[in-house]
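Enquirer: Pasting in a structure now, in structure tokens, and then I'll have a few things to ask.
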Ligand code: ADP
Ligand code: MG
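Numbering (the working numbering), first residue to last: 2 to 698.
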């Protein structure tokens with residue numbers, strides 16, 4: 002079948018633009034799978050860069066294993082035990098003469114069990130942990146043999162690529178090797194890039210995929226290889242180009258200019274039960290100016306949790322409504338959408354405006370009514386979930402979209418929103434509760450205008466934060482018992498203890514079970530990442546309405562959800578989290594009139610970095626100060642910016658770590674777009690494909 006297709010396929014020679022199917026060893030099935038990784042043509046393979054490297058070039062002796070590090074170990078199997086009590090576990094102990102190592106498997110088949118026999122040799126590669134009885138590895142990669150000599154270390158550093166089902170590292174490495182061979186004939190890749198020094202792109206790619214020497218390998222692991230530096234700059238440049246191009250494209254579309262957005266702001270301020278902060282006032286002005294222009298607003302509003310972003314959204318929605326237009330506000334969860342509906346309904350009631358609401362839970366008759374209202378050329382304000390973006394929903398005059406907690410939405414949803422506008426492009430207001438320093442904002446949001454609300458409304462009782470050793474856990478539990486007896490509510494956050502969400506969920510379940518026995522008088526809820534969205538929502542709802550008093554959660558707990566009565570937060574193993582994440586978690590308390598406490602429980606002894614993080618958190622509640630400190634504290638290579646990186650889809654650059662480079666690249670991006678547009682487009686295609694892929698708006 003494959004052969005037949007290939008015979009009838011094009012005779013044209015293979016190039017980097019050929020589809021991957023035409024490579025030897027990649028049939029349509031493989032190509033289909035690779036497409037889910039965004040790999041379509043041969044060039045894409047070149048730029049599918051290793052996530053990291055595994056160094057299996059030498060054995061580490063058991064006696065020298067360091068917890069937290071990855072290691073290759075070879076030893077003789079000295080014990081095999083199948084435990085059936087509790088979680089079914091296969092435990093295998095190997096010994097290499099210097100010491101022993103425990104391997105634990107939760108998933109295993111009979112053949113695997115059979116092959117792991119005492120007396121055989123085993124070579125394992127994995128991450129070392131400090132177990133109850135010495136070093137251990139959970140689900141390591143391994144091979145077994147009867148003869149130790151069969152189990153040899155690798156010759157080269159092994160690049161590790163992101164994979165998809167049915168594609169192995171082996172397969173991907175083979176295809177990338179073929180792609181590199183083809184790339185040798187590509188003049189553009191071999192040519193130097195004006196403005197960027199260092200090796201040519203092709204040489205850099207070769208070095209990164211196939212490190213040749215030990216020296217290269219070390220440099221790559223430490224991320225100081227010139228090939229990496231060179232490609233990081235090229236990638237950042239490509240993103241700047243892509244975002245500029247996208248912005249240009251969006252701004253080129255006509256939008257509905259609103260007549261008096263400033264008056265809408267005044268009207269809103271007239272009905273609010275409080276005066277705006279000066280930061281809110283400034284951002285309201287910025288938004289009003291954008292709305293008065295016949296080019297679409299592309300504005301990101303950043304403001305810490307509780308800084309009052311909803312006011313900004315309300316003013317924009319009102320401006321559209323007063324001009325006879327339609328405006329929607331989309332939230333990532335049902336609960337948040339309902340919260341917005343309540344707020345906006347209260348504020349708009351004196352103005353005689355009733356917002357519409359749409360989510361998947363809205364019943365058929367009401368849904369029909371909402372859809373009809375939106376399809377009619379009448380002013381409307383609609384609040385809801387992504388149900389507002391579905392295919393069946395049509396807008397007669399959509400002029401503004403507000404997206405709350407932007408990072409929670411997928412690209413497809415955001416694009417759907419943009420396309421609902423018809424002839425005129427809707428104005429876009431995007432809200433984010435992740436405060437990020439200015440340099441980083443320039444990297445991540447070069448396609449947007451950024452407004453910052455850097456001030457909290459007055460009269461908040463600040464959250465008191467204490468860091469306590471986990472040895473004092475019992476005291477905390479007792480305190481929670483007393484507080485809940487007085488009608489307060491508390492969160493207990495279990496932090497990431499494992500790479501695997503499965504083990505995390507288990508840890509949270511165990512914590513909830515333990516707290517239920519310790520505090521039998523309380524109703525204890527539980528949310529974690531392995532639950533279905535409606536299960537999660539049900540748990541959040543029960544907590545919000547007070548059915549449960551203590552909520553045990555992994556770090557997945559909903560952003561933005563307001564449970565004003567929750568005034569205590571305990572964060573287990575707080576030393577493991579980054580500053581920004583701790584700050585986001587803490588933002589969930591301190592929303593009511595009551596004084597709130599945040600307890601950071603840590604496992605002693607505390608390292609210097611962890612101590613500095615907890616100290617910062619104790620000392621300040623200012624999100625921007627914390628974000629700045631976070632950047633300073635981050636060691637190179639620390640992957641705390643993962644969410645941002647994932648969001649924007651960078652392959653090699655880390656927008657957090659590499660933000661300072663961007664400033665230098667901006668003039669270069671402007672120059673290339675103006676003087677070498679073809680080259681600019683080539684770079685974008687090389688690194689990003691279609692810039693719409695990461696469109697924020
Ligand atoms: P964010 O979405 O930025 O986290 P919200 O818009 O939900 O914050 O506002 C948090 C709380 O503060 C809400 O109860 C809101 O009504 C209130 N609030 C907002 N602005 C002010 C202000 N200027 N003065 C007093 N309270 C305010
Ligand atoms: Mg909000």
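Even glycine gets a Cβ: it sits at the ideal position worked out from N, Cα and C.
Can you tell me whether residue 157 is helix, strand or coil according to DSSP?
Expert: Coil.
Enquirer: Do you know how far the Cα of residue 209 is from the Cα of residue 182?
Expert: Spanning the two alpha carbons is a distance of roughly 14 angstroms.
Enquirer: Which residue's Cα is closest to the Cα of residue 311: 448, 281, 75, 517?
Expert: The residue with the shortest Cα to Cα distance from residue 311 is 281.
Enquirer: Give the straight-line distance between the Cα atoms of residue 135 and residue 103, rounded to the nearest whole angstrom.
Expert: C-alpha separation (whole angstroms): 8 angstroms.
Enquirer: Taking 8 angstroms as the cut-off, does the stretch 328 to 339 touch the stretch 382 to 397 (at least 3 CB pairs, one atom from each stretch)?
Expert: Yes, the stretch 382 to 397 touches the stretch 328 to 339.
Enquirer: Please report the distance separating the alpha-carbon of residue 579 from that of residue 621.
Expert: Distance between the alpha carbons of residue 579 and residue 621: 15 angstroms.
Enquirer: Taking the DSSP output, what are the residues bridged to residue 304?
Expert: In DSSP, residue 304 forms a bridge with 454.
Enquirer: Just to confirm, are residue 43 and residue 78 a CB contact at a threshold of 8 angstroms?
Expert: No. Outside cutoff.
Enquirer: Am I right that residue 610 and residue 586 are in contact with their C-beta atoms under 8 angstroms? What's the rounded C-beta distance?
Expert: Not quite, the Cβ-Cβ distance comes to about 18 angstroms (not below 8 angstroms), so this is no contact.
Enquirer: Tell me whether residue 405 counts as near the ligand MG, meaning its Cβ is closer than 7 angstroms to at least one heavy atom of that ligand.
Expert: Yes - the ligand MG has a heavy atom lying nearer than 7 angstroms to the Cβ of residue 405.
Enquirer: Please classify residue 277 as buried or exposed, where buried requires at least 16 neighbouring CB atoms within 10 angstroms.
Expert: By the neighbour-count rule (16 or more Cβ atoms within 10 Å), residue 277 is buried.
Enquirer: Would you check if the distance between the CB atom of residue 128 and the CB atom of residue 71 is smaller than 8 angstroms?
Expert: The answer is yes: Cβ separation under 8 angstroms.
Enquirer: Could you tell me the boundaries of the alpha helix (DSSP H) in which residue 485 lies?
Expert: Note, residue 485: alpha helix (DSSP H), 474 to 486.
Enquirer: Quick check on residue 495: does DSSP put it in helix, strand or coil?
Expert: Residue 495 falls in the coil class under three-state DSSP.
Enquirer: Considering residue 328, what are the terminal residues of the beta strand (DSSP E) in which it resides?
Expert: Residues 327 to 331.
Enquirer: Report the rounded CA-to-CA distance for residue 556 versus residue 572, giving the unit in angstroms.
Expert: Roughly 9 angstroms separates the two Cα atoms.
Enquirer: Contact between the stretch 521 to 528 and the stretch 601 to 618: three or more CB pairs below 8 angstroms?
Expert: No, they do not touch.
Enquirer: Give the DSSP bridge partners of residue 122, in chain order.
Expert: According to DSSP, residue 122 bridges with 77, 146.
Enquirer: For residue 564, is the beta carbon positioned less than 7 angstroms from some heavy atom of the ligand ADP?
Expert: Residue 564: no, Cβ never under 7 angstroms from the ligand ADP.
Enquirer: Could you name the residues that DSSP lists as bridge partners for residue 572?
Expert: Answer is 494, 601.
Enquirer: Tell me whether residue 364, by its Cβ, gets closer than 7 angstroms to a heavy atom of the ligand ADP.
Expert: No, the ligand ADP has no heavy atom inside 7 angstroms of this Cβ.
Enquirer: Okay, do the stretch 361 to 368 and the stretch 425 to 443 touch, 3+ Cβ pairs below 8 angstroms being the bar?
Expert: Contact between the stretch 361 to 368 and the stretch 425 to 443 is absent, because fewer than three Cβ pairs lie under 8 angstroms.
Enquirer: Among 309, 275, 256, 137, whose alpha-carbon lies nearest the alpha-carbon of residue 96?
Expert: The shortest C-alpha separation from residue 96 is found at 137.
Enquirer: Return yes when the C-beta of residue 275 is under 7 angstroms from any heavy atom of the ligand ADP, and no when it is not.
Expert: The answer is yes for residue 275.
Enquirer: For residue 433, write down the residues that DSSP places opposite it in a beta bridge.
Expert: 303, per the DSSP bridge assignment.
Enquirer: Distance check for residue 283 and residue 688, CA to CA, integer angstroms please.
Expert: Looking at the two C-alpha atoms, the distance is approximately 37 angstroms.
Enquirer: Compute the distance between the beta-carbons of residue 55 and residue 159, then report whether it is under 8 angstroms.
Expert: Yes.
Enquirer: Look at residue 305 and residue 624 and say whether their C-beta atoms are less than 8 angstroms apart.
Expert: Yes. Within cutoff.
Enquirer: What is the C-beta distance between residue 39 and residue 175, in whole angstroms, given that I count them as a contact (C-beta under 8 angstroms)?
Expert: Not confirmed; about 19 angstroms, so no contact.
Enquirer: Go ahead and label residue 69 buried or exposed: buried means 16 or more other beta carbons lie within 10 angstroms of its beta carbon, across all protein chains shown.
Expert: Exposed is the call here.
Enquirer: Under 7 angstroms from any heavy atom of the ligand ADP, does the C-beta of residue 281 make it?
Expert: It does: the Cβ of residue 281 is within 7 angstroms (strictly closer) of some heavy atom of the ligand ADP.
Enquirer: Which one or two residues does DSSP pair with residue 130 in a beta bridge?
Expert: According to DSSP, residue 130 bridges with 137.
Enquirer: Is it true that the CB of residue 553 sits closer than 8 angstroms to the CB of residue 516?
Expert: Yes, Cβ-Cβ distance for residue 516 and residue 553 is below 8 angstroms.
Enquirer: According to DSSP, simplified to helix, strand and coil, what is residue 16?
Expert: Note: residue 16 maps to coil in three-state DSSP.
Enquirer: The alpha helix (DSSP H) that contains residue 54, what's its start and end?
Expert: Segment 53 to 55 is the beta strand (DSSP E) holding residue 54; no alpha helix (DSSP H) there.
Enquirer: Round the Cβ separation of residue 75 and residue 124 to the nearest angstrom and send it over; I've been treating them as touching at under 8 angstroms.
Expert: Indeed they touch by this definition, with Cβ atoms about 5 angstroms apart.
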